[in-house]
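*Asks:* Supplied in structure tokens, the structure appears directly below.
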Amino acid sequence: MNTLSRSFFTFLLQFTGQKNLQKGRALHALILKTGLGSDIFLANSLVNLYAKCGHLDEAKLEFKEIEVKDVVSWNCIINGYSQQGLGGSVIVMELFQTMRAENTFPNSHTFAGVFTAASNLSDASFGQQAHSLAIKTTNCSDVFVGSSLLNMYCKCGFLLEARRVFNKMPQRNPVSWAAMISGYAIQRLAVEAFVLFKLMRQEEDDGNEFVLTSILSALVLPEFVANGKQIHGLALKNGLLSFVSVGNSLVTMYAKCRSLDDALQAFKYTSDKNSITWSAIITGYAQTGYSSNALRIFSEMQYAGFKPSEFTFVGVLSACSETAAVREGKQIHGYLLKLGFESQIFIRTSLVDMYAKCSDVNDARKEFDQLKDPDIVLWTSMIGGYVQNGENEEALNLYGRMQMEGILPNELTMASVLKACSSLAAFDQGKQVHACTVKYGFSLEVPIGSALSTMYAKCGNLEDANIVFRQMPGRDVISWNSMISGLSQNGRGDEALKLFEEMRLEGTKPDYVTFVNLLSACSHMGLVERGWVYFKMMFDEYGIVPTVEHYACMVDILSRAGKIEEAKEFIDSVPVDHGTCLWRILLSACRNYHSFDIGAYAGERLMELGSQESSAYVILSSIYTALGRWEDVERVRRVMRLRGVNKEPGCSWIEVKSRVHVFVVGDQVHPQIVEIREVIQRLMKQMKDERYQPSFDLLFRDFCNMK
DNA sequence: GCCGCATTAG
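Using UniProt numbering, read the first sequence as starting at 1 and increasing by one per residue.
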């Protein structure tokens, strides 16, 4: 009897290790036939067999059959469920309570499973309760208990607690090191992770494939690429490159460090590629701006016979977003429908994002509306989509609906909503959103801080913009840019230029937007020389190649200062294709300075280029009127009619008590139009009384008449 | 004689 039981047991162990359910079942039948089913060792091992094969229902059935359960019976069922992730871990909590209620004392094996369940659930209070019980009843210096415990604290975000457990461990194995390092990696603490990795190498060995993937996942910024290469070398030396997980982590690491050539090499040398390998290189290219490479590799992947996963689709869809490749995007949309991925929430989010970035905000909304319970990322994507497409009112409407449905925003939601407020100059609403950011406990880090200071600046409240800007714990180039442009746009150019000097002192490298802001500040203040200084500094000191925007600012600076001739020569020297915008600026300046000859020249260039802007034709014809060249006046007006150019009506808006009031030229429909007229009359009278001379010269009059 | 810990992709 004893010998039979022992040999059954040996086979059960073997089949469990092989996860061979078929042979296991046959053996199970044999055990019942021979009447050995009540042997506790065999009964526990049967529970374990079904649990390890993922058949938890059968495991549970066998577990219930055991009349006198011992701690191992409980351990087998608990650990079976804890390996099933989130769903199983909930059941572990119940099982653990029942076990204690039935007065079975947990041991170190139990706690290992319980801590794993708590980490799956990110349930720190469950984990801590179990921890205090473990201290009282179990030998906590066990390496399995220690590793699962510190992993639980890492996954719950208690890094210091995790480190305390880690430090106290009398012995550590690669699992402990991997868990602790990935704890730092999750919190983006690359330096701490790497320091710990070095400590491991000093103390013990080189780690295994799990340790290497953990440390690689921490190295996500270009400044860590050298560390990443060190790990790569170590993996090569220790023969760990044969693990596909290591290859995948290397590809991801190089891509995140923006070393795409290295990422491609790592990809090529990963011999046993899986779908993750392909997704990693595709996402890498997509996120570093090499969208066409991403799409090319996506088709190679299918050619190589790999089925794309949901993660692959997220990567290729983001590649389509970046290049606004709506045709490819729609094809990929069709493909993922065929594979049945459309109900996955982050696929839906990528689709919304793709359509919104392709300026197809209606299709984006269609995708958004198809999901019953959008999560916060999806809400944010849709709201951000509206903002990107200038549909700021829609963005605020949707945000209102989101609040009504009781969904809590995240930092990115708030940044988008603030941007909508900025564009609408919706001051009251902006302040309310500011209050919400405080209520939800968001700090003034990028992007909220910059969005807030931009909002205040765009609404004309520079003092509050500055307060927010000064309180930001860290400022990036975008924060500086938004404050500089806020000052410049509100007529405080001198402060904008001072702030730029402060930015340089603080060591933040300006980008091309900074220089657009600086040049536009110079233009408002009439600082021609200073403008030239910045224009030259941009390339000479920072290597930024000027774009049409910068050339436009220079033309503006020169022509506002009345240097019309110099502006014309400057435009003729511009080495890039600038379309109509530079001539357009010069033409306006010629109107103001009555430089009719150069004005006529600029206007003719605009007509040649087929300008669709009515004002260009209007000014040109008024210049010819002033010069008495009636045939040319007639010719300009004929071309204008022929091309069907219409004057866009002027439009302005203001927010009063959370309502936006829009006015169009010649507006008669505003409900308070009578009162508004009275105020205008009063202002006109006051203006006259104070002897202000409005400019009503010949050219402006003509401009008004042509409406 | 049975049971336990970790990694990569948005």
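The C-beta atom is built at its ideal place from N, Cα and C for all residues, glycine as well.
Looking at M414 and I448, is the spacing between their C-beta atoms short of 7 Å?
*Replies:* yes
*Asks:* What's the C-alpha gap between M354 and G329?
*Replies:* One alpha carbon belongs to M354, the other to G329, and they sit about 7 Å apart.
*Asks:* Could you pull the DSSP bridge partners for H661 from this structure?
*Replies:* Paired residue(s): I654.
*Asks:* Ignore the nearest five residues each way along the sequence and tell me which others in A59's own chain have a CB closer than 7 Å to its CB.
*Replies:* V47, Y50, A51, I77 and G80
*Asks:* Pull up the distance between the alpha-carbon of W480 and that of D597, whole angstroms please.
*Replies:* 41 Å
*Asks:* With distance defined between alpha-carbon atoms, name the residue in G35, F166 and W74 nearest to S45.
*Replies:* W74
*Asks:* Is A600 closer than 7 Å to residue 718 when the C-beta atoms are compared?
*Replies:* Nothing about residue 718 can be reported from this structure: the residues present for the chain run from 1 to 707 only.
*Asks:* Should T16 go down as buried or exposed, given a rule of 16 or more other Cβ atoms within 10 Å for buried?
*Replies:* buried
*Asks:* When the Cα atoms are used, what is the spatial distance from L351 to Q432?
*Replies:* In a straight line, the C-alpha of L351 is about 31 Å away from that of Q432.
*Asks:* What are the boundary residues of the alpha helix (DSSP H) that includes F144?
*Replies:* V143 to K155
*Asks:* Our contact map puts V220 next to K256 with C-beta atoms below 8 Å; I'd like the distance itself, whole angstroms only.
*Replies:* 4 Å
*Asks:* Under the three-state reduction of DSSP, which class applies to K563: helix, strand or coil?
*Replies:* coil
*Asks:* Throw me the rounded Cβ distance for the I585 and S559 pair, which I believe falls under 8 Å.
*Replies:* 6 Å
*Asks:* Do I383 and S416 come within 7 Å of each other at the CB atom, strictly closer than that value?
*Replies:* yes
*Asks:* Can you give the beta carbon distance from L212 to G228, rounded, assuming they're within the 8 Å contact cut?
*Replies:* Actually they do not touch by this definition, with Cβ atoms about 11 Å apart.
*Asks:* Consult DSSP for G289 and reduce its assignment to one of helix, strand or coil.
*Replies:* coil
*Asks:* Considering just the uninterrupted stretch of the alpha helix (DSSP H) at S271, what are its terminal residues?
*Replies:* S271 -> no alpha helix (DSSP H), and no H or E assigned at all.
*Asks:* Under the rule that 16 or more other beta-carbon atoms within 10 Å means buried, what is Y184, buried or exposed?
*Replies:* The C-beta of Y184 has 16 or more other C-beta atoms within 10 Å across all chains shown, which makes the residue buried.
*Asks:* I'd like to know whether the C-beta atoms of A178 and F210 end up nearer to each other than 7 Å.
*Replies:* Result yes, Cβ atoms of A178 and F210 sit closer than 7 Å.
*Asks:* Classify D70 as helix, strand or coil using the three-state DSSP reduction.
*Replies:* coil
*Asks:* Quick check on the burial criterion: 16 or more other C-beta atoms within 10 angstroms. Buried or exposed for N517?
*Replies:* Answer is buried; the Cβ neighbour count reaches 16.
*Asks:* When the distance is taken between beta carbons, is A496 closer than 7 Å to I484?
*Replies:* yes
*Asks:* From what residue to what residue does the alpha helix (DSSP H) around Y386 run?
*Replies:* I376 to Q388
*Asks:* Runs of 4 residues minimum, wholly inside the stretch 465-550: which ones carry the alpha helix (DSSP H) assignment?
*Replies:* 477-489, 493-506, 512-525 and 528-542
*Asks:* Touch check for the stretch 28-42 and the stretch 2-12: three-plus C-beta pairs under 8 Å?
*Replies:* yes
*Asks:* Between the stretch 389-396 and the stretch 418-427, do at least 3 Cβ pairs fall closer than 8 Å?
*Replies:* yes
*Asks:* For the putative contact between N238 and D206, defined by C-beta atoms under 8 Å, what is the C-beta separation to the nearest angstrom?
*Replies:* Indeed they touch by this definition, with Cβ atoms about 5 Å apart.
*Asks:* Count the other CB atoms within 10 Å of the CB of Y534; is the residue buried (16 or more) or exposed (fewer)?
*Replies:* That one is buried.
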